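As structure tokens, the structure follows; a few thoughts come after it.
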Ligand SMILES: [Cu+2]
């Protein structure tokens, strides 16, 4: 009798495993990874990259905020007539079951004035605000990495944010001035 009982249990366990795959449920909207690269000098903004996994419905990311930073903006690098410039990004699509990626050379976060305690802790808690469920907020800590060498900083380091920073100073003189 005993060998039969063990076999029956094993069969049950296999069945349960097969059914435990969340079939039909789908993946939820979520921020799945991300990091921040500090500016080359303290007066320059840090840059943030991250990946959002789309849920069952298409939504839009409308803001990213951080209590421990003076200011966070979403930007997009765009090439026009062979010149790469950056534009503020007000919203970004997260396709259903797809993904939204902020990465070097494309969409990115610019972060000014990260609190020293966050820098020492090596991570910045951020809130990602979406258009679903009355502006669902997903909290995620972005790991803070030190500035890369000027040569390794890629397009973002080579690109001067001068004009944009001047605009920013006009808009928020206290936040931009050191
Ligand atoms: Cu930028």
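Residue numbers (our numbering): 1313 to 1490. Where is the CB? At the ideal position from N, CA and C, for every residue including glycine. Only a predicted model underlies this, so the values are computations on that prediction, with no experimental measurement involved.
Original post:
Nearest-angstrom Cα distance between residue 1351 and residue 1387?
Top reply: Going by the C-alpha atoms only, they are around 16 Å apart.
Original post:
Hey, out of 1401, 1451 and 1372, whose CA is closest to residue 1420's CA?
Top reply: 1401
**OP:** Taking residue 1434 as part of the alpha helix (DSSP H), name the residues at either end of that continuous run.
**Re:** First-last for residue 1434: undefined, no H or E at that position.
**OP:** Go through the stretch 1345-1424 residue by residue and report every complete run of the beta strand (DSSP E) that reaches 3 residues or more, in order.
**Re:** 1358-1365, 1371-1377, 1381-1392, 1395-1400, 1404-1406 and 1411-1414
Subject >> Within 5 Å of ligand 1: residues by beta-carbon to any heavy atom >> reply: In chain order, the residues that have a beta carbon nearer than 5 Å to some heavy atom of ligand 1 are 1387, 1398 and 1422.
**OP:** Quick one: using the 10 Å Cβ neighbour count with 16 as the cut-off for buried, is residue 1412 buried or exposed?
**Re:** buried
Subject >> Spatial distance of residue 1424 from residue 1356 (CA atoms) >> reply: About 7 Å.
Original post:
Do residue 1373 and residue 1437 have their CB atoms nearer than 8 Å?
Top reply: no
**OP:** Alpha carbon to alpha carbon, how far is residue 1382 from residue 1354? Give it in angstroms, no decimals.
**Re:** 13 Å
**OP:** Identify the continuous beta strand (DSSP E) that holds residue 1451 and give its terminal residues.
**Re:** 1449-1457
Original post:
Buried or exposed: residue 1454, going by 16 or more other Cβ atoms within 10 Å of its Cβ?
Top reply: buried
Original post:
Which term fits residue 1417, buried or exposed, when burial requires 16 or more other beta carbons within 10 angstroms of its beta carbon?
Top reply: Result: exposed.
**OP:** Compute the Euclidean distance between the alpha carbons of residue 1399 and residue 1440, then round it to the nearest angstrom.
**Re:** 19 Å
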